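Working notes for the structure below.
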Amino acid sequence: MKEGSLLPEKAVVGKSTIDPQLLDSSDWIQAKSFGDLDTALKIVNSTWISSTKKEEDLKRLFKDPMTIIITQPGTSGFNSLPIALAKKLHDEYGPEFINGDKVFISSHSSASKLIPSYQRIFEPRQYTPKDPKKLLNALENRNVVIVEDILTTGGSVAKFQKTLNHLGIPVRGVVSLLGNSRLRIDEKTSQTLRSALTDKQIQIKDSSFIEGMTRTEAGFLIRSLNQVKSEKKIKEFSDKFLKLVDSEKSKADKLKSIRFDHNLKNITTNINTSDNTSNFSHKELLKQFSGQVIENQKNKLDSQKEKLAIIAFQGMKIRVEFSSQKDRGQFIKNSIFSDIAKVTHIDDALIAATLNNTIIKSGKDINETDKRLSNSFDQFKSIDPEKHSFMMLTKKDYSKPVIFDLKSHSAREAVLKQIDVLRIEDLKATRLNNFNNITIKASREGQIVTTNIKDALRTKILSFQQEQKANMSKTPDPHQVKKPATKKDNIDMGLSR
Amino acid sequence: MEKYTIESDWPDNFEGFPVKELFTVLKEINSPGGTKAPESKIIAMRHFIHKYKIGVHGLKSQKGEIAI
Chain A
12 MKEGSLLPEK AVVGKSTIDP QLLDSSDWIQ AKSFGDLDTA LKIVNSTWIS STKKEEDLKR
72 LFKDPMTIII TQPGTSGFNS LPIALAKKLH DEYGPEFING DKVFISSHSS ASKLIPSYQR
132 IFEPRQYTPK DPKKLLNALE NRNVVIVEDI LTTGGSVAKF QKTLNHLGIP VRGVVSLLGN
192 SRLRIDEKTS QTLRSALTDK QIQIKDSSFI EGMTRTEAGF LIRSLNQVKS EKKIKEFSDK
252 FLKLVDSEKS KADKLKSIRF DHNLKNITTN INTSDNTSNF SHKELLKQFS GQVIENQKNK
312 LDSQKEKLAI IAFQGMKIRV EFSSQKDRGQ FIKNSIFSDI AKVTHIDDAL IAATLNNTII
372 KSGKDINETD KRLSNSFDQF KSIDPEKHSF MMLTKKDYSK PVIFDLKSHS AREAVLKQID
432 VLRIEDLKAT RLNNFNNITI KASREGQIVT TNIKDALRTK ILSFQQEQKA NMSKTPDPHQ
492 VKKPATKKDN IDMGLSR
Chain W
0 MEKYTIESDW PDNFEGFPVK ELFTVLKEIN SPGGTKAPES KIIAMRHFIH KYKIGVHGLK
60 SQKGEIAI
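Listed in order, the protein sequences are those of chains A and W. For the record, in the first sequence the residue sitting at position 427 is 438 according to my numbering, with numbers rising by one throughout. For the record, in the second sequence the residue sitting at position 32 is 31 according to my numbering, with numbers rising by one throughout.
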């Protein structure tokens, strides 16, 4: 895993012992539950115990000017302690900070402090960015340090770190006023947990769930597992645990998809065909961008007066501004019919099809009715994946990949006999819009190929970027359209995390 | 300091829920046992306290704080 994608091993903590008297004091309650910042500042200054080691750790943490603090979003909406600590760190070490409560929405049903420590793992925290675009723009190329008031199990910080990580924001450190500094699960605890799970015959497919836990959370889980003896209790525990793992996975997918959308927007490119300096022709543009129009519907083209079109090309959204409506119409007409005919590789087909989310519904025979993204997605969502059979079909040259809903398995089998197909083996309807993790088993010339959309996209985008970089250093092509003003050189799709 | 006082200039309803009920949700979240309210209601409550700058959302921006 990349640095910054793991939970930091240790937090810098102002005071490791948690004094129950302090937590019961009226000042603490005023700061923690009533949002009294002045009192919070007073508590932070009187509680934080300085040491040379801590100062060195903090100096190291904040040495990079790109480091920024985000305070841990709370559940109560009234906790000013993390903000007070962030302010202290800013005054002493200089990093800017963001009030996490202002930029993240937490949708928990109960405040952590009211849940017994051993149960907290089953009440996971959930954070959703309020305005993903603004947040991701503000944090582009920044390293984040999370600031919290108290680390008991560290679970909330771990979940917030994961949230940021799935959004592609690296977390370099955690600073807390009080609590246990040991965060990341160590190898020994991880092994013990795995053994405890195996003993109870609980198998989890995705080991990243365990890697993302804190050491204390894992300890509580091991103890709980050891207490579960009867078959019935084991079954209950197993169901609860696996449900939790699944729900974490689905939250992660949602966040990754926010990130992916943001990156797609970031690499949107502008091409102005009315620029006299570019020797533009539709043919050449098509040659260069053998993508398809993704934000227009064919039947609406003639009535639209804009001179813009958005085309998809190898995972990029490209915005093309035409000199006239006629030019645009001509281009769109051509690109729809040429569509992705230039696809020469299986990955291109998958990417193009996935971006397009093209669905063709068929009855007994394949009667193509192209339903484009804007209206087909809802239809697709409403289809029960258990009762239908989906597959992706292409022509023999792998052009025109489309997703078919063949209504019945027998219809699907009948088609399979006749056509060289890309078969979707693992596609759930609800996951279509969240295609990062879809693995497709595809048949190509008799050979079975397994392609992961995420990897395919990443490879394609990175190779395209490299190609673009190389092209930029060469003499401009006579057919070159206006050079895109784009951030694509800087983007890190981060899809590997 | 009273946390859950409803101000007269706030709307009666917000995102389809009575503001009174949103405050009940906030109260329940901060009480043992938590709330049984659906997620949509919890989120509406969050949006409300963001919008009307309640609790830490209403804190004045501090030196070094970046507003997004």
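Just so it is clear, CB atoms sit at the ideal spot from N, CA and C, and this is done for glycine as well. Everything numeric in this text was worked out from a predicted model, so none of it was measured.
Using DSSP with H/G/I as helix, E/B as strand and the rest coil, what is residue i?
{"i": "residue 182 of chain A", "result": "strand"}
{"i": "residue 160 of chain A", "result": "strand"}
{"i": "residue 225 of chain A", "result": "strand"}
{"i": "residue 104 of chain A", "result": "helix"}
{"i": "residue 118 of chain A", "result": "coil"}
{"i": "residue 26 of chain W", "result": "helix"}
{"i": "residue 165 of chain A", "result": "coil"}
{"i": "residue 17 of chain W", "result": "strand"}
{"i": "residue 190 of chain A", "result": "strand"}
{"i": "residue 141 of chain A", "result": "coil"}
{"i": "residue 6 of chain A", "result": "Outside the displayed span of chain A (12 to 508) sits residue 6 of chain A, for which this structure offers no information."}
{"i": "residue 56 of chain W", "result": "helix"}
{"i": "residue 82 of chain A", "result": "strand"}
{"i": "residue 259 of chain A", "result": "helix"}
{"i": "residue 90 of chain A", "result": "coil"}
{"i": "residue 269 of chain A", "result": "helix"}
{"i": "residue 32 of chain W", "result": "coil"}
{"i": "residue 195 of chain A", "result": "strand"}
Just confirm the distance between the C-beta atoms of residue i and residue j, as a whole number of angstroms; I'd bet it's less than 8 Å.
{"i": "residue 27 of chain A", "j": "residue 190 of chain A", "result": "7 Å"}
{"i": "residue 135 of chain A", "j": "residue 170 of chain A", "result": "6 Å"}
{"i": "residue 43 of chain W", "j": "residue 21 of chain W", "result": "6 Å"}
{"i": "residue 196 of chain A", "j": "residue 224 of chain A", "result": "5 Å"}
{"i": "residue 175 of chain A", "j": "residue 155 of chain A", "result": "6 Å"}
{"i": "residue 49 of chain W", "j": "residue 141 of chain A", "result": "7 Å"}
{"i": "residue 99 of chain A", "j": "residue 56 of chain A", "result": "7 Å"}
Quick one, are the C-beta atoms of residue i and residue j less than 8 Å apart?
{"i": "residue 6 of chain W", "j": "residue 46 of chain W", "result": "no"}
{"i": "residue 129 of chain A", "j": "residue 115 of chain A", "result": "no"}
{"i": "residue 65 of chain W", "j": "residue 95 of chain A", "result": "no"}
{"i": "residue 21 of chain A", "j": "residue 38 of chain A", "result": "no"}
{"i": "residue 108 of chain A", "j": "residue 63 of chain W", "result": "yes"}
{"i": "residue 185 of chain A", "j": "residue 159 of chain A", "result": "yes"}
{"i": "residue 51 of chain A", "j": "residue 86 of chain A", "result": "no"}
{"i": "residue 16 of chain W", "j": "residue 35 of chain W", "result": "no"}
{"i": "residue 119 of chain A", "j": "residue 267 of chain A", "result": "no"}
{"i": "residue 73 of chain A", "j": "residue 46 of chain A", "result": "no"}
{"i": "residue 231 of chain A", "j": "residue 161 of chain A", "result": "no"}
{"i": "residue 18 of chain W", "j": "residue 8 of chain W", "result": "no"}
Just how far apart, CA to CA, sit residue i and residue j?
{"i": "residue 226 of chain A", "j": "residue 193 of chain A", "result": "7 Å"}
{"i": "residue 251 of chain A", "j": "residue 234 of chain A", "result": "16 Å"}
{"i": "residue 164 of chain A", "j": "residue 228 of chain A", "result": "6 Å"}
{"i": "residue 67 of chain W", "j": "residue 81 of chain A", "result": "12 Å"}
{"i": "residue 259 of chain A", "j": "residue 220 of chain A", "result": "8 Å"}
{"i": "residue 110 of chain A", "j": "residue 212 of chain A", "result": "43 Å"}
{"i": "residue 269 of chain A", "j": "residue 24 of chain A", "result": "32 Å"}
{"i": "residue 209 of chain A", "j": "residue 236 of chain A", "result": "10 Å"}
{"i": "residue 27 of chain W", "j": "residue 125 of chain A", "result": "11 Å"}
{"i": "residue 33 of chain A", "j": "residue 58 of chain A", "result": "9 Å"}
{"i": "residue 63 of chain A", "j": "residue 78 of chain A", "result": "21 Å"}
{"i": "residue 103 of chain A", "j": "residue 143 of chain A", "result": "30 Å"}
{"i": "residue 127 of chain A", "j": "residue 93 of chain A", "result": "22 Å"}
{"i": "residue 222 of chain A", "j": "residue 249 of chain A", "result": "19 Å"}
{"i": "residue 23 of chain W", "j": "residue 84 of chain A", "result": "20 Å"}
{"i": "residue 58 of chain W", "j": "residue 75 of chain A", "result": "28 Å"}
Just mark residue i as buried or exposed, buried being the case when its beta carbon has 16 or more other beta carbons within 10 Å.
{"i": "residue 243 of chain A", "result": "exposed"}
{"i": "residue 35 of chain A", "result": "exposed"}
{"i": "residue 202 of chain A", "result": "exposed"}
{"i": "residue 172 of chain A", "result": "buried"}
{"i": "residue 29 of chain W", "result": "buried"}
{"i": "residue 71 of chain A", "result": "exposed"}
{"i": "residue 41 of chain A", "result": "buried"}
{"i": "residue 218 of chain A", "result": "exposed"}
{"i": "residue 200 of chain A", "result": "buried"}
{"i": "residue 60 of chain A", "result": "exposed"}
{"i": "residue 38 of chain W", "result": "exposed"}
{"i": "residue 54 of chain W", "result": "buried"}
{"i": "residue 90 of chain A", "result": "buried"}
{"i": "residue 187 of chain A", "result": "buried"}
{"i": "residue 166 of chain A", "result": "buried"}
{"i": "residue 60 of chain W", "result": "exposed"}
{"i": "residue 261 of chain A", "result": "exposed"}
{"i": "residue 66 of chain A", "result": "exposed"}
Is the shortest distance between the beta-carbon of residue i and the beta-carbons of chain B less than 8 Å?
{"i": "residue 23 of chain W", "result": "Absence of chain B from the displayed structure is noted, the protein chains being A and W."}
Is residue i near the ligand MN, in the sense that its beta carbon is under 7 Å from a heavy atom of that ligand?
{"i": "residue 244 of chain A", "result": "As for the ligand MN, it is missing from this structure, which has no ligand bound."}
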